[in-house]
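So for the sequence shown, my numbering puts the first residue at 219; every next one is plus one.
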Amino acid sequence: MSGQLCLRGVMCGQLRLCGVLHGQLRLCGVQSTSDEEMEEARKQVEVETAEVIVCLQDELSLLQQEVQDSNTKEMETRDRMMLLQTEMKVLEDNLDLKVKDNTTLTEMLEDRENRLRKLTEEWELLTCEIEYILAGGQDALKDATARRNQELLQPKLQLLNCPTYEKEISSCLSLQENGI
């Protein structure tokens, strides 16, 4: 930006100077016919013109360097952008894979939870059935034990046939049947 202002300022100044010198040349031609003065004025205009050309070439060189730097930065920015887009694509693909894996694992977990729930319900049913069978078996065992005891004691009671002992034995048998 400063190069552009400098270039414009130099160009405007040099053009004004050229216009003044050109006017002087005309005046010189009218006022003086001396070839030396004309030659000196022409040389001065050529020197000034050469200085303007050199200044313009320097400014042009600076502008070309700025354009080249800008193009280089633009290329670097494009390269970085392409790299970032590639990285973003890879990250998006990885995210998609993770989402699919997560969905699969969630479905597997739900399936296992359902199977575990069913197994728990089956175990509870089996536990209830076992408790019922054991309770029935215990009652049957008590009844069988009472009958066996009565069968074993019956012949002995008949031998004793004593009314006093009969009440006590009956009392003992009833206590034994009740589990006391």
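Glycine included, C-beta positions come from ideal geometry on N, C-alpha and C.
Inset, instruction - Tell me whether Ala259 is buried or exposed, calling it buried when 16 or more other Cβ atoms sit within 10 Å of its Cβ. - result: Counting Cβ neighbours within 10 Å, Ala259 comes out buried, since at least 16 surround it.
Legend entry - Distance between Val317 and Asn289 (C-alpha atoms, nearest Å): Asn289 and Val317: Cα-Cα distance of roughly 41 Å.
Legend entry - Leu391 beta carbon less than 8 Å from that of Gln414: Within the shown structure, residues of the chain are numbered from 219 to 398, placing residue 414 beyond reach of any answer.
Legend entry - Inter-residue spacing [alpha-carbon to alpha-carbon] between Leu337 and Glu349: Between Leu337 and Glu349, the alpha-carbon positions lie close to 18 Å from each other.
Legend entry - Euclidean distance between Cα positions of Glu331 and Ala362: Using only the alpha carbons, I get a separation of about 46 Å.
Legend entry - Contact check, Ala364 vs Glu395, beta carbons under 8 Å: In this structure, Glu395 lies closer than 8 Å to Ala364 by Cβ.
Inset, instruction - May I have the straight-line CA-CA distance separating Glu310 from Glu347, to the nearest angstrom? - result: Cα-Cα distance, rounded: 55 Å.
Legend entry - Secondary structure of Ser252, DSSP reduced to three states: Residue state, collapsed to three classes: coil.
Inset, instruction - Assign Asn396 to one of three DSSP states: helix, strand, or coil. - result: The answer is coil: DSSP assigns Asn396 none of H, G, I, E or B.
Inset, instruction - May I have the straight-line CA-CA distance separating Leu281 from Thr267, to the nearest angstrom? - result: Rounded to whole angstroms, Leu281 to Thr267 spans 21 Å at the Cα level.
Legend entry - Nearest-angstrom Cα separation, counted from Ile351 out to Gln372: If you draw a straight line from the Cα of Gln372 to the Cα of Ile351, it comes to about 31 Å.
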